[in-house]
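In the working numbering, the protein residues as written are 5 to 150.
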């Protein structure tokens with residue numbers, strides 16, 4: 005076996021080799037049954053393909069990034085009466101940065117909150133930041149001042 009193979013692939017190949025050797029040494033009524041060996045070979049290759057596919061899907065499965073939601077509520081008094089405000093912050097738990105902010109108002113206590121504004125926040129990627137720093141000269145910024 006090649007040393008370049010990853011760990012699970014080595015184990016699968018070892019199991020296949022062991023099963024083939026074991027079946028080829030067993031006899032059925034004094035002679036080997038080639039039909040059962042061929043069937044088992046096909047079955048084992050199907051198992052290997054399914055195991056590899058399952059490994060790939062498990063490694064690269066879609067990970068839903070759940071956002072933490074925080075509600076900030078307060079009241080203001082207006083000439084028309086009390087207005088309830090609520091801002092909802094959707095925070096990415098991995099980066100601790102806001103992704104979306106929703107602003108609601110409730111002018112009447114008997115009604116439900118009304119969505120007034122939604123702010124979607126995007127951040128530059130690492131490549132974009134790197135291009136920005138390469139495009140601008142940082143020499144004067146990095147020199148010490150007297």
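Note that the Cβ used here is the ideal one computed from N, Cα and C, for glycine as well.
How about residue 73 and residue 102: do their beta carbons lie closer than 8 Å?
-> Locating residue 73 in the chain shown gives position 69, counting from the first residue. Locating residue 102 in the chain shown gives position 98, counting from the first residue. No, the pair does not count as a contact, with Cβ atoms beyond the cut-off.
Quick one: residues in its chain with C-beta nearer than 8 Å to the C-beta of residue 95, no 5 flanking neighbours on either side, listed in chain order?
-> To locate residue 95, count along the chain shown from 1; it is residue 91. Counting only Cβ-Cβ distances below 8 Å, and skipping sequence neighbours, we find 71, 72, 73, 74, 101, 102, 103.
Roughly how many whole angstroms lie between the Cα atoms of residue 85 and residue 122?
-> Locating residue 85 in the chain shown gives position 81, counting from the first residue. Locating residue 122 in the chain shown gives position 118, counting from the first residue. Answer to the nearest angstrom: the Cα atoms are 25 Å apart.
If you run the structure through DSSP and keep just helix, strand and coil, what is residue 71?
-> Taking the first residue of the chain shown as position 1, residue 71 is located at position 67. Here residue 71 sits in coil by DSSP.
For residue 125, which of helix, strand or coil comes out of DSSP?
-> Along the chain shown, one-based indexing puts residue 125 at 121. Of the three classes helix, strand and coil, the one that applies to residue 125 here is coil, per DSSP.
Residue range of the beta strand (DSSP E) that residue 131 falls in?
-> Here the question's residue 131 lines up with position 127 in the chain shown. Careful: residue 131 lies outside any beta strand (DSSP E), inside the alpha helix (DSSP H) at 130-139.
Across which residues does DSSP place residue 53 in a beta bridge pair?
-> In the chain shown, residue 53 corresponds to position 49, counting from 1. Bridge partners of residue 53: none, in fact.
Contacting residues, own chain, Cβ-Cβ under 6 Å from residue 77 (five flanking each side not counted) = Here residue 77 corresponds to residue number 73 of the chain shown, with the count starting at 1. Same-chain partners within the cutoff: 90.
Output the boundary residues of the beta strand (DSSP E) element that contains residue 100.
-> Along the chain shown, read from residue 1 onward, the residue named residue 100 stands at position 96. Premise fails: residue 100 is in no beta strand (DSSP E) and is neither H nor E.
Start and end of the beta strand (DSSP E) containing residue 88?
-> As a working note, residue 88 is residue 84 in the chain shown. Segment 85-96, the beta strand (DSSP E) holding residue 88.
Under 6 Å Cβ to Cβ from residue 93, same chain only, skipping five residues before and after it: list those, please.
-> By 1-based counting over the chain shown, the position of residue 93 is 89. Only 74, 102, 105 meet the Cβ criterion.
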